[in-house]
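In full-length UniProt numbering, the protein residues as written are 1 to 213.
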Amino acid sequence: ITRRTDFGQTPLSAIFRGQIRSRFTRAENGTTDNVQPFFTLQLDIEKANSVDNALKLLVCKEEVVGGVCPKTKEEITISTQTSLEELPLILLLHLKCFDYKLHTCSKIMKTVEFPVDLKIETKLMTSKSKTPTKDKNYKLLAVVYHDGKEATKGHYITDVYHMGYSGWVRYDDASVRSVTQQQVLKPKSPRMPYLLYYRRCDTINTSTQDKNR
């Protein structure tokens, strides 16, 4: 059984929308797939030190024990697995650096590596995906950081790759200045990447790209 959810086409969805497939398997009733759109991929970084590892964790199969069959009233085990069905033009990755618990929220302080060039591996995609290889390659476009040790406080800073200047520009309130790629990829604690914007490579005009990037 496959269920699909869609919200229709809009100018924003044409840029940011992808599709994700969630598979639920139960021995007694077979497999049920839910295909639904996403605008951001939320990545758990508590057990991952890089975006690549966090993406692999996203598609790992998990077993849920303790469910009860409504017919037999017996305990059952359900396995769940997520995979990517369709990729957007702009892939927005949300690194879950805030840990929410009952009545509390804290920031996960750690180094999380993220690449300039991101390739979505075939094993992250569903077997039913028709996405061609060229549409799986992305280039880092922008990074939003959270700067601060506490989840309830802090400051947000954004680095954006400017095609015209062939370099990175930092936006920090009223301050706008150039920064190096090294400064973008290696933020100093307590500054951490929070949102990563990746642009699909085939949508970038190669004549405006920095060949050394």
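Backbone N, C-alpha and C define an ideal beta-carbon position, used for all residues, glycine too.
May I ask you to report which of helix, strand or coil DSSP gives residue i?
i, result
"residue 258", "Since the first residue of the chain shown is 1 and the last is 213, residue 258 is not available in this structure."
"N53", "helix"
"K128", "coil"
"D99", "strand"
"D6", "coil"
"C105", "strand"
"I15", "helix"
"residue 298", "No answer is possible for residue 298: it lies beyond the span of the chain, which begins at 1 and ends at 213."
"T208", "With a pLDDT of only 49 at T208, under 50, the local geometry of the prediction cannot be trusted, and no value is derived from it."
"T111", "coil"
"L87", "coil"
"V184", "helix"
"E63", "strand"
"T152", "coil"
"T31", "strand"
"residue 215", "The shown model of the chain, from 1 to 213, leaves out residue 215, and the question about it has no answer."
"T80", "strand"
Checking the sheet assignment: what are the DSSP bridge partners for residue i?
i, result
"T172", "Before going on, a small fix: residue 172 reads as Asp here, not Thr. For D172, which the question treats as bridged, DSSP gives the partners S175."
"D117", "K139"
"N164", "A small fix is needed here, since residue 164 is Gly in this sequence, not Asn. Answer is none; G164 lacks a bridge partner."
"I45", "None, per the DSSP bridge assignment."
"P37", "Q19"
"Y194", "In the DSSP output, where bridge partners are listed per residue, Y194 has none listed."
"L93", "L41, L196"
"D159", "V143, R170"
Could you check whether the Cβ of residue i sits closer than 7 Å to any heavy atom belonging to the ligand FAD?
i, result
"E150", "The ligand FAD is absent from the structure shown, which contains no ligand whatsoever."
Whose CA, out of the options, lies closest to the CA of residue i?
i, options, result
"K134", "K119, Y171, L41, E74", "K119"
"G30", "N53, H155, T77", "T77"
"Y138", "H103, E113, L89, K149", "L89"
"F38", "F24, Q9, K71, A174", "Q9"
"H103", "L140, A151, T72", "A151"
"V112", "Y145, L141, D6, F7", "Y145"
"L12", "V143, M125, T40, L195", "T40"
"L57", "V35, K149, D44", "D44"
Since residue i and residue j are thought to touch, with beta carbons under 8 Å apart, how far apart are those beta carbons, to the nearest angstrom?
i, j, result
"Q42", "K96", "6 Å"
"L92", "Y171", "The pair is not a contact, with the Cβ atoms about 17 Å apart (cut-off 8 Å)."
"I1", "T32", "5 Å"
Given 8 Å as the limit, is there contact between the stretch 155-162 and the stretch 96-110, that is, 3 or more CB pairs closer than that? no
If contact is defined by three or more beta carbon pairs under 8 Å, each pair taking one atom from either stretch, is the stretch 12-26 in contact with the stretch 80-95? yes
Is it a yes or a no for the stretch 180-188 touching the stretch 122-131, going by three-plus beta-carbon pairs under 8 Å? no
Cβ pair count under 8 Å reaching 3, the stretch 199-206 against the stretch 42-50: no
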